[in-house]
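Student: Numbering (my numbering), first residue to last: 17 to 193.
Yeah, the Cβ is synthetic: ideal placement off N, Cα and C, and Gly gets one too.
The following block contains the structure, expressed as structure tokens.
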């Protein structure tokens with residue numbers, strides 16, 4: 017996002033804000049869906065993010081890159097929604113018919129990856145999404161997650177390791193020893 021557009025938004029230019037929205041909406045939805053796995057929640061997170069950006073644009077420091085500032089707001093909103101979620105339904109309460117269709121169809125690579133990602137802790141999933149889905153640099157991730165670059169590298173290393181272990185279990189039907 018260029019500095020002229022940000023200055024226009026700070027002055028209340030609605031067309032400039034629309035340009036920002038158009039530029040960031042798809043990426044924000046992609047990141048939210050990757051972390052929340054629910055279109056309605058992802059849409060809520062993105063909508064709330066743009067509201068917070070609009071209301072808080074005056075706090076944005078023009079001397080710093082916009083993208084990490086935006087993703088910090090989005091990530092915080094995703095975290096807020098995750099913390100509000102009700103505990104997962106007990107497996108015994110789900111009707112057996114809910115599993116029958118899935119059990120007879122082979123899983124695609126994307127489904128296997130999605131299932132493995134869902135099993136990761138939130139901070140590991142966030143790191144992988146920001147790096148590989150949104151393409152943020154480690155420096156940008158450091159700003160978004162408000163941790164050191166060393167901590168980002170460590171989190172990515174650990175997240176990749178855990179994802180690899182999870183995928184190995186999915187592909188071979190059991191954990192490797």
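Are the beta-carbon atoms belonging to residue 182 and residue 146 less than 9 Å from one another?
Tutor: Taking 9 Å as the Cβ cut-off, residue 182 and residue 146 do not qualify as a contacting pair.
Student: Where does residue 165 land, buried or exposed, given buried means 16+ other C-beta within 10 angstroms?
Tutor: Burial call: exposed.
Student: Are the CB atoms of residue 48 and residue 62 within a distance shorter than 9 Å?
Tutor: Their beta carbons are under 9 Å apart, which means residue 62 touches residue 48 by this criterion.
Student: What separation, rounded to the nearest whole angstrom, lies between the Cα atoms of residue 93 and residue 27?
Tutor: Between residue 93 and residue 27, the C-alpha separation is close to 25 Å.
Student: Between residue 200 and residue 90, what straight-line distance do the alpha-carbon atoms span, to the nearest angstrom?
Tutor: The displayed coordinates of the chain run from 17 to 193. Any statement about residue 200 would go beyond what the structure contains.
Student: Between which residues of its own chain and residue 113 is the CB-CB distance below 7 Å, once the five residues before and five after are set aside?
Tutor: Caution applies to residue 113, whose pLDDT of 46 falls short of 50 and renders its modelled position unreliable; the model cannot decide the point.
Student: For residue 25, is the classification buried or exposed, using 16 other Cβ atoms within 10 angstroms of its Cβ as the cut-off for buried?
Tutor: The residue in question, residue 25, is buried, as its Cβ has 16 or more Cβ neighbours within 10 Å.
Student: Measure from the alpha carbon of residue 32 to the alpha carbon of each residue in 50, 180, 19 and 141, then state which is nearest.
Tutor: Out of 50, 180, 19 and 141, 19 has the C-alpha closest to the C-alpha of residue 32.
Student: I think residue 142 touches residue 161, with their Cβ atoms under 8 Å apart; what is that distance to the nearest whole Å?
Tutor: Confirmed, about 7 Å.
Student: What do you get for residue 106, buried or exposed, if any count of 16 or more other CB atoms within 10 angstroms of its CB means buried?
Tutor: With a pLDDT of only 44 at residue 106, under the threshold of 50, the placement of this residue in the model should not be trusted, and no figure is reported.
Student: For residue 129 versus residue 175, is the C-beta distance shorter than 9 Å?
Tutor: Contact flag unset, no.
Student: Run through DSSP, which three-state label would residue 54 get?
Tutor: In the structure shown, residue 54 sits in coil (DSSP, three-state: anything other than H, G, I, E or B).
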